[in-house]
Amino acid sequence: MYLIHKEETAISSVEVKELIYLPIEKLTEGMVLARNIPGTNPMLPFAVSGYQLSEHIINRLKTIGVQGAYIHTALTEGIEPVDLVEPELKAKMLTSIRHAFDQNLKKVTIQSSMQTYDELAAVSKSVVMNILNMDEYLFQMIDIRDYDNYTYSHSLYVGILSVLLGKFLGLSLTELNDLALCGLLHDIGKTDISLEITNKSGPLNDEEYEIMKQHPSLSYEKLRKTNMFSQVILHGIQAHHEKFDGSGYPFGLAGKKIPLYARILSIADVYDALSSTRPYRKAWPPRRIFDYLTSCSSSHFDPDLLAAFLQCVSAYPIGTIVQLSDGSTAVVKENTPGFTLRPVIRFLTPSAIAGKDVDLSHEALNITIIDDTDI
């Protein structure tokens, strides 16, 4: 159904708006990319929109850990994901984050680090304004990323998700800018931990985990020495692994004694981590993530903030293929705030109803989405 003939290699992403997101396992030779796949340098794509996939390229994408790609199709007219943050700004931000981490890995002077943080702060303000100017507040962006870019893209999305929740909560512009910096820099202390641990391709053992648990305090100390960041930002970063029931680290804080920024970061951090494929595990499907987050309400997460967060994120981004409980398949067309697990869909199979749109939040149908990857 989704195969594009090999001679159709010059399709323009501007001319053609029909696209669909497929997990890496579903990509086949001859399909045509509808969106760029970033390279190690965010400004230089690994493959560009309009590129026809070959078996070699698909295998290469699997090797570097790309989770999936947007592909041109015929049944998705009018379905076009809207990025919460413009692609150019996202690429610029990823470059800034990479620069900040690289500078710290090289143990440069505090003065050089300050210049890097200044640049990052300036770009982060652009991200905040970008989000504030969006009418749609649902986070429904699929990030096409690889293993090498995980650290930087994770920091970016923790920042974006935190700002999105902060906007929903009605935080001020100053607070949102501070929150963005918390998200972007919350893991900067990992640059003081051995690469053998931070880049390990499997789960950490107990000894390694104890070392990794030092990174919030290392981030705090590293940023404190620059005298550039307020105590509100520093404490938010230092406490982002605290848990609402007091079982977190480094201090075992509980409830509202955990700084607000840290309680927000905690949710964004876990959500993005579970949404991402790692060398030792696949990304979790949306329903499993939502169920897990909900099960951790009042234990790991502030229940009020978690309830708000789940209204800000879309479980199934526009363009995602989903399988339904009746055996049919569909593509997500729209998302409705408050009904993140029941979007508007367009049927792809069976052929008798292909192309039909159904709003799962309104239709009196006993149909649910059961998965979005294993179709």
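Note that numbering that gives the first Met the number 0 gives residue 262 to position 263 of the sequence shown, counting from 1, and the numbers run on in steps of one. Yeah, the Cβ is synthetic: ideal placement off N, Cα and C, and Gly gets one too. Note that this is a predicted model, so its numbers are computed, not measured.
Taking C-beta separations shorter than 8 Å and ignoring five residues to either side along the sequence, the partners of Leu170 in its chain run Leu178, following chain order. Beyond the five residues adjoining it in sequence on each side, Ser48 comes within less than 7 Å, by CB distance, of Ser12, Leu32, Ala33, Arg34 and Asn35 in the same chain, given in chain order. Residue pairing by DSSP places Asp356 opposite Arg345 in a beta bridge. Counting only the Cα atoms, Gly165 lies some 22 Å from Ser95. In the three-state reduction of the DSSP assignment, Ala68 falls in the strand class.
In this structure, Pro249 is the residue among Ala329, Val231 and Pro249 with its C-alpha nearest to the C-alpha of Glu209. Contact check between the segment 349-365 and the segment 303-316: fewer than three CB pairs, one atom from each, fall below 8 Å, which does not count as touching. The Cβ atoms of Pro22 and Gln51 lie no closer than 8 Å to each other. With respect to the C-alpha of Cys181, the residue from Pro37, Ala73 and His240 having the closest C-alpha is His240. The alpha helix (DSSP H) runs of length 4 or more contained entirely in the segment 204-268 are, from start to end of the chain, 205-211, 214-223 and 230-237. The alpha-carbon separation between Leu264 and Glu87 amounts to approximately 25 Å. Around the C-beta of Asn132, fewer than 16 other C-beta atoms lie within 10 Å, and the residue is accordingly described as exposed. Close CB contacts of Pro349 within its chain, under the 7 Å cut and outside five residues either way in sequence, are with Ser327 (chain order). Here Tyr291 carries a helix assignment [DSSP, helix/strand/coil].
With fewer than 16 other CB atoms across the displayed protein chains lying within 10 angstroms of its CB, Ser193 is exposed. Inclusion of Asp271 and His153 in the CB contact set at 8 Å is warranted, their separation being smaller than that value. Pairing Ser161 with Glu174, the inter-Cα distance amounts to about 11 Å. By alpha-carbon distance to Tyr149, the top candidate from Arg97, Leu43, Ser324 and Phe167 is Arg97. Taken atom to atom, the span from the alpha-carbon of Phe45 to that of Ile63 is near 11 Å. Scanning its chain for C-beta atoms nearer than 6 Å, with the 5 sequence neighbours on each side dropped, one finds around Lys61 the residues Ile23, in chain order.
Contact between the segment 184-199 and the segment 208-226 is present: 3 or more CB-CB pairs across the two stretches fall below 8 Å. The continuous stretches of beta strand (DSSP E) do not include Tyr315, and DSSP gives it neither H nor E. Around the beta carbon of Ser294, fewer than 16 other beta carbons lie within 10 angstroms, which makes this residue exposed. In the displayed model, Val321 falls within a strand according to three-state DSSP. The three-state reading of DSSP puts Ala33 in coil, since its state is none of H, G, I, E or B. Rounded to whole angstroms, Ala253 and Pro202 show a C-alpha spacing of 27 Å.
With respect to the 8 Å criterion, Ile288 and Ser274 are classified as neighbours on the basis of their beta carbons.
For Leu172, the number of other beta carbons within 10 angstroms of its own is below 16, and it is reported as exposed. Close CB contacts of Ser229 within its chain, under the 8 Å cut and outside five residues either way in sequence, are with Asp177 (chain order). Secondary structure of Thr328 (DSSP, three-state): strand.
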